[in-house]
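Everything below concerns the one structure shown next.
Written as structure tokens, this is what we have:
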């Protein structure tokens, strides 16, 4: 039987923490939550800075692959791009609803973000929208998204249980149907051929890019 030992406890947020992510080199941790602040910590949990500017809950934070930038998405309807010192690297990127999820492309040149209205937007690092917002039928909150490892596709998960596979230019490639609740997490396999998803129905599903359900991993008892 494996034994898990708490190594450190990172405290400082004044409300719920919704997102935490390591910088790719593992030396820095960023977290965001309902106190409207992105906090930075070293790998041992020592606070080393905070990024202030959002005016509502922060739902998602992401590091760029090179570790030089941090993206954050907030209920204030913006995505903000920061350096480690807390300087904004671009104007705030505006959505029409609460921003629930953000992700960098593998080469770090693009940022994808999804919001409460169901819109997925792709930006460059200068804060310019590259394409019209991606939309499938209906206005359902986008809770999760991820770029494929080769940067040619984006997968997104919605509150109605649907998963959509897009080209990075906004063409809808496939719809994956099977979940019965919000899809909170999506991820590509390292070779980009499989998609994993999990959500409120307590089931992890594995799919191919053609939308075929390959496996269901059951065992969780809640979302």
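Residue numbers (this note's numbering): 556 to 778.
Backbone N, C-alpha and C define an ideal beta-carbon position, used for all residues, glycine too.
Only a predicted model underlies this, so the values are computations on that prediction, with no experimental measurement involved.
Write down the C-beta distance between residue 618 and residue 667 rounded to the nearest angstrom, noting that I regard them as a contact closer than 8 Å. Not quite, the Cβ-Cβ distance comes to about 14 Å (not below 8 Å), so this is no contact.
Would you say residue 736 and residue 756 are within 7 Å of each other, going by their C-beta atoms? At the C-beta level, residue 736 and residue 756 come within 7 Å of one another.
Return the chain-ordered list of same chain residues with a C-beta closer than 6 Å to the C-beta of residue 628, the five sequence neighbours on each side being excluded. Counting only Cβ-Cβ distances below 6 Å, and skipping sequence neighbours, we find 614, 615, 634, 654, 657 and 668.
Closest residue to residue 641 among 769, 594 and 677 (Cα-Cα distance): Nearest of 769, 594 and 677 to residue 641, Cα basis: 594.
For residue 671, does the three-state DSSP call read helix, strand or coil? If DSSP states are grouped into helix, strand and coil, residue 671 belongs with coil.
Between the C-alpha atoms of residue 674 and residue 574, what's the straight-line distance to the nearest angstrom? Our two residues, residue 674 and residue 574, have alpha carbons roughly 20 Å apart in a direct line.
Compute the Euclidean distance between the alpha carbons of residue 685 and residue 754, then round it to the nearest angstrom. Taking the straight line from one Cα to the other gives about 29 Å.
Can you tell me which of the three DSSP states residue 690 falls into? Here residue 690 sits in coil by DSSP.
Roughly how many angstroms lie between the CA atoms of residue 760 and residue 577, to the nearest whole one? Taken atom to atom, the span from the alpha-carbon of residue 760 to that of residue 577 is near 25 Å.
Using a 10 Å radius around the Cβ and a threshold of 16 neighbouring Cβ atoms, would you call residue 730 buried or exposed? Counting the other CB atoms within 10 Å of its CB gives residue 730 a total below 16, which places it among the exposed residues.
Can you tell me where the beta strand (DSSP E) with residue 800 in it begins and where it stops? It is not possible to answer for residue 800, since the shown part of the chain is limited to 556 through 778.
When burial is assigned at 16 or more other CB atoms within 10 Å of the CB, is residue 632 buried or exposed? With 16 or more Cβ atoms within 10 Å of its Cβ, residue 632 is classed as buried.
Assuming residue 693 and residue 715 are in contact, meaning their beta carbons sit under 8 Å apart, how far apart are those beta carbons, in whole angstroms? Confirmed, about 7 Å.
Leaving out five residues on either side along the sequence, give the residues of the same chain with a beta carbon under 7 Å from the beta carbon of residue 728. Contacts found: 708, 720, 721 and 722.
Let me confirm a value: residue 770 is counted as buried when at least 16 other C-beta atoms fall within 10 Å, else exposed. Which label applies? A residue is called buried when at least 16 other Cβ atoms come within 10 angstroms of its Cβ; residue 770 does not meet this threshold and is exposed.
For residue 571, is the classification buried or exposed, using 16 other Cβ atoms within 10 angstroms of its Cβ as the cut-off for buried? Per the 10 Å Cβ criterion, exposed.
How long is the line joining the alpha carbons of residue 624 and residue 772, rounded to whole angstroms? In a straight line, the C-alpha of residue 624 is about 35 Å away from that of residue 772.
Three-way DSSP call (helix, strand, coil) for residue 597 in this model: In the structure shown, residue 597 sits in a strand (DSSP, three-state: E or B).
With which residues is residue 607 paired in a DSSP beta bridge? Under DSSP, the beta-bridge partners assigned to residue 607 are 592.
Looking at C-alpha atoms only, which residue of 726, 724 and 696 is the closest neighbour of residue 713? Nearest option by C-alpha distance: 696.
Buried or exposed by the 16-neighbour rule on C-beta atoms within 10 Å, applied to residue 767: Exposed, since its Cβ has fewer than 16 Cβ neighbours within 10 Å.
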